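In terms of UniProt numbering, the sequence shown opens at residue 1 and continues consecutively.
Note that the Cβ used here is the ideal one computed from N, Cα and C, for glycine as well.
The structure presented is a predicted model; accordingly, all values stated were derived computationally and were not measured.
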Amino acid sequence: MSNSKLKLTGENTNLARVAQMILGPCTNVLRDVLRKKISPSNLETKVRAYIAKTKKPLINLHQETLVYSKDYLKFDVTLLYFLLRNMCSIQPHSNKWGNNPHSGDRSVSGNIERIRLIRNEYGHHSERSISDIDFKIKYKYIKGIVREMENYLGSSTKYQDEVKELKTCTMDPTQSEKNIKELLDLHEKIKDISGDVEEMKKTVLPWNIKVIYGEDVRKWKEDDVFFVETHNFQVMLNKVRQCPFVTFVGVPGSGKTTTARHIALLLQEKDGYEILPTKDIKDIETYCDPRNPQVFVIDDVLGVFGFDMKEFEKLTNYKDRLNEPIMPETKVLMTCREVVFKHEAFSGSILSNKKHVVQLHSEENALNDQDKYDLFAKYNIDKDLLS
Numbered sequence: 001m002s003n004s005k006l007k008l009t010g011e012n013t014n015l016a017r018v019a020q021m022i023l024g025p026c027t028n029v030l031r032d033v034l035r036k037k038i039s040p041s042n043l044e045t046k047v048r049a050y051i052a053k054t055k056k057p058l059i060n061l062h063q064e065t066l067v068y069s070k071d072y073l074k075f076d077v078t079l080l081y082f083l084l085r086n087m088c089s090i091q092p093h094s095n096k097w098g099n100n101p102h103s104g105d106r107s108v109s110g111n112i113e114r115i116r117l118i119r120n121e122y123g124h125h126s127e128r129s130i131s132d133i134d135f136k137i138k139y140k141y142i143k144g145i146v147r148e149m150e151n152y153l154g155s156s157t158k159y160q161d162e163v164k165e166l167k168t169c170t171m172d173p174t175q176s177e178k179n180i181k182e183l184l185d186l187h188e189k190i191k192d193i194s195g196d197v198e199e200m201k202k203t204v205l206p207w208n209i210k211v212i213y214g215e216d217v218r219k220w221k222e223d224d225v226f227f228v229e230t231h232n233f234q235v236m237l238n239k240v241r242q243c244p245f246v247t248f249v250g251v252p253g254s255g256k257t258t259t260a261r262h263i264a265l266l267l268q269e270k271d272g273y274e275i276l277p278t279k280d281i282k283d284i285e286t287y288c289d290p291r292n293p294q295v296f297v298i299d300d301v302l303g304v305f306g307f308d309m310k311e312f313e314k315l316t317n318y319k320d321r322l323n324e325p326i327m328p329e330t331k332v333l334m335t336c337r338e339v340v341f342k343h344e345a346f347s348g349s350i351l352s353n354k355k356h357v358v359q360l361h362s363e364e365n366a367l368n369d370q371d372k373y374d375l376f377a378k379y380n381i382d383k384d385l386l387s
């Protein structure tokens with residue numbers, strides 16, 4: 001859109017008037033309905049409860065931040081619609097939420113839906129003008145919606161009066177340009193929100209857990225730049241590809257955790273895996289996705305300083321999920337300290353099978369001279385120290 005000052009003509013003035021009707025009276029009447037249903041002081045509690053019980057809450061981080069500000073004047077139509085639909089126990093119109101209501105359906109939800117639809121209509125509007133005939137139709141339509149909403153609120157005719165005034169009042173070119181731009185920019189907002197929704201559809205993770213895991217994985221990627229693939233790394237990777245679960249065993253500082261994370265990142269990058277850096281073995285059942293491949297990463301699966309019998313018993317209870325995940329491509333990568341792995345309870349257990357174990361200090365995996373040179377080079381250490 002041009003940055004030059006808008007030169008108002010009859011038809012683009014019509015668009016400016018409609019823009020102001022939508023951004024002003026239509027949005028404000030939705031805010032008043034929300035206030036009628038939920039006070040600002042109670043909204044955060046309701047939204048947090050909704051997020052906690054809903055695996056795929058259709059609210060993004062920016063919208064959540066606005067909600068917690070408790071300033072209804074900052075809420076746009078998209079956020080207001082979400083809150084009115086999901087938080088307020090408003091009876092759906094006859095065609096159900098998200099659909100165009102019947103023309104004869106004058107319910108509150110029907111008019112909430114109409115405001116959303118007219119807002120979205122101009123979010124996709126590529127023209128910068130509205131003909132006089134279309135403007136008269138749109139004006140009558142908007143005025144009717146606002147009148148019915150104010151009747152529901154039992155308040156004054158303040159917003160109807162604003163709509164009437166906007167039909168004929170003098171329009172300031174600068175403000176008109178701003179209103180038109182804000183209305184037409186909705187198209188980008190709709191694309192962003194659609195992207196968020198599509199991303200949510202790809203995972204069974206609750207929204208808040210996904211955010212936490214995402215932050216963990218972001219940090220992994222930062223640390224992964226220092227990882228060096230040793231001479232036997234490809235063998236380890238192949239074992240992971242062939243087995244539903246693998247345990248990386250070694251002493252502290254041997255690279256158990258960094259190796260498991262590096263492999264998880266490779267599976268994500270090359271094969272589209274979703275990474276779940278969980279701390280509890282039961283999550284492989286709770287968060288398993290039957291449609292999409294996942295890689296669960298569990299550090300110190302059976303204890304940090306010693307063998308944890310309760311965790312071992314829990315893991316044994318989930319052995320079927322480890323061996324035969326619902327999604328065949330799903331992987332579980334675990335790490336275990338060598339001293340814990342040597343506990344007598346391991347003998348004959350599901351974790352003791354060599355097929356599923358990578359011993360980082362075994363003869364085949366121990367660092368050779370080339371590995372050491374590569375590590376020294378990565379960390380800018382003098383290679384002469386090896387001689």
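Classify residue i as buried or exposed, calling it buried when 16 or more other Cβ atoms lie within 10 Å of its own Cβ.
| i | result |
| --- | --- |
| Gly-195 | Only weak support is given to the placement of Gly-195: the predicted model assigns it a pLDDT of 48, under 50, and the value that follows is read from those uncertain coordinates. When all chains shown are included, Gly-195 counts as exposed. |
| Asn-3 | For Asn-3, the predicted model reports a pLDDT of 38, less than 50, meaning its position is unreliable and no value from the coordinates is stated. |
| Ile-212 | exposed |
| Cys-169 | exposed |
| Gln-20 | buried |
| Thr-257 | buried |
| Ser-155 | exposed |
| Lys-5 | With a pLDDT of only 45 at Lys-5, under 50, the local geometry of the prediction cannot be trusted, and the value read off the model is given with reservation. Exposed is the call here. |
| Tyr-122 | buried |
| Asn-380 | exposed |
| Glu-344 | exposed |
| Thr-286 | exposed |
| Leu-34 | buried |
| Arg-321 | buried |
| Lys-378 | exposed |
| Glu-215 | exposed |
| Asp-369 | exposed |
| Asn-365 | buried |
Among all the DSSP beta bridges, which residues are the ones paired with residue i?
| i | result |
| --- | --- |
| Glu-274 | Gln-294 |
| Arg-337 | Gly-250 |
| Lys-331 | Val-295 |
| Phe-245 | Val-332 |
| Val-33 | BP columns for Val-33 are empty, so no partner. |
| Val-358 | Phe-248 |
With distances taken from CA atoms, which of the options is nearest residue i?
| i | options | result |
| --- | --- | --- |
| Leu-84 | Val-47, Leu-166 and Ile-22 | Val-47 |
| Gln-234 | Lys-372, Ser-103, Phe-226 and Ala-260 | Ala-260 |
| Asp-134 | Leu-15, Leu-205, Lys-53 and Arg-119 | Leu-15 |
| residue 397 | Leu-360, Glu-329, Leu-153 and Leu-205 | Lying outside 1 to 387, the shown extent of the chain, residue 397 is not represented and no answer is given. |
| Leu-73 | Lys-355, Val-29 and Ala-366 | Val-29 |
| Val-357 | Met-236, Cys-288, Glu-311 and Gln-268 | Met-236 |
| Lys-319 | Lys-167, Asn-111 and Ile-284 | Ile-284 |
| Asn-317 | Met-327, Ile-381 and Ser-349 | Ser-349 |
| Phe-296 | Leu-265, Lys-314, Ser-352 and Gly-255 | Leu-265 |
| Asp-308 | Ser-352, Thr-13 and Phe-346 | Phe-346 |
| Gln-91 | Lys-37, Val-67 and Glu-64 | Lys-37 |
| Gly-255 | Lys-270, Asn-238, Val-240 and Asp-224 | Asp-224 |
| Phe-75 | Arg-31, Leu-61 and Ser-39 | Arg-31 |
| Ile-326 | Glu-274, Asn-353, Asn-100 and Cys-288 | Cys-288 |
| Pro-206 | Ala-49, Gly-253, Glu-165 and Lys-138 | Ala-49 |
| Asp-172 | Leu-61, Thr-13 and Pro-328 | Thr-13 |
| Ser-69 | Lys-210, Ser-41 and Asn-86 | Ser-41 |
| Asn-238 | Glu-165, Lys-355 and Val-217 | Lys-355 |
| Met-87 | Glu-311, Thr-45, Ile-298 and Glu-324 | Thr-45 |
Am I right that residue i and residue j are in contact with their C-beta atoms under 8 Å? What's the rounded C-beta distance?
| i | j | result |
| --- | --- | --- |
| Val-163 | Ile-130 | Val-163 to Ile-130, Cβ: 15 Å. No contact. |
| Pro-293 | Gly-272 | 7 Å |
| Lys-251 | Gly-306 | Here residue 251 is Val; the residue named in the question, Lys, does not match the sequence. Contact doesn't hold; Cβ gap of about 14 Å is too wide. |
| Ser-89 | Asp-105 | Rounded, the Cβ-Cβ distance is 18 Å, inconsistent with contact. |
| Arg-17 | Lys-136 | With 8 Å as the limit, Arg-17 and Lys-136 do not qualify as a contact, their Cβ atoms being about 11 Å apart. |
| Asn-111 | Glu-150 | So it is not a contact: roughly 10 Å between Cβ atoms. |
| Tyr-152 | Val-108 | 5 Å |
| His-262 | Phe-226 | About 10 Å; that fails the 8 Å criterion. |
| Tyr-231 | Asp-371 | Looking at the sequence shown, residue 231 is not Tyr but His. Indeed, because the Cβ distance is near 6 Å, the residues count as touching under 8 Å. |
| Ile-51 | Asn-208 | 6 Å |
| Val-67 | Arg-116 | Wrong, their Cβ atoms sit about 18 Å apart, outside the cutoff. |
| Leu-267 | Lys-331 | 7 Å |
| Arg-114 | Ile-145 | 5 Å |
| Leu-79 | Gln-63 | 5 Å |
Counting Cβ pairs, one atom from each stretch, are 3 or more of them under 8 Å apart for the stretch 274-281 and the stretch 241-258? With the cut-off at 8 Å, the stretch 274-281 and the stretch 241-258 do not touch.
Is the stretch 328-338 touching the stretch 299-309, taking contact as three or more C-beta pairs under 8 Å? Touching, yes, given that three or more Cβ pairs across the two stretches are closer than 8 Å.
For the stretch 24-38 and the stretch 154-162, state whether three or more C-beta atom pairs, one from each stretch, are separated by less than 8 Å. The stretch 24-38 vs the stretch 154-162: in contact.
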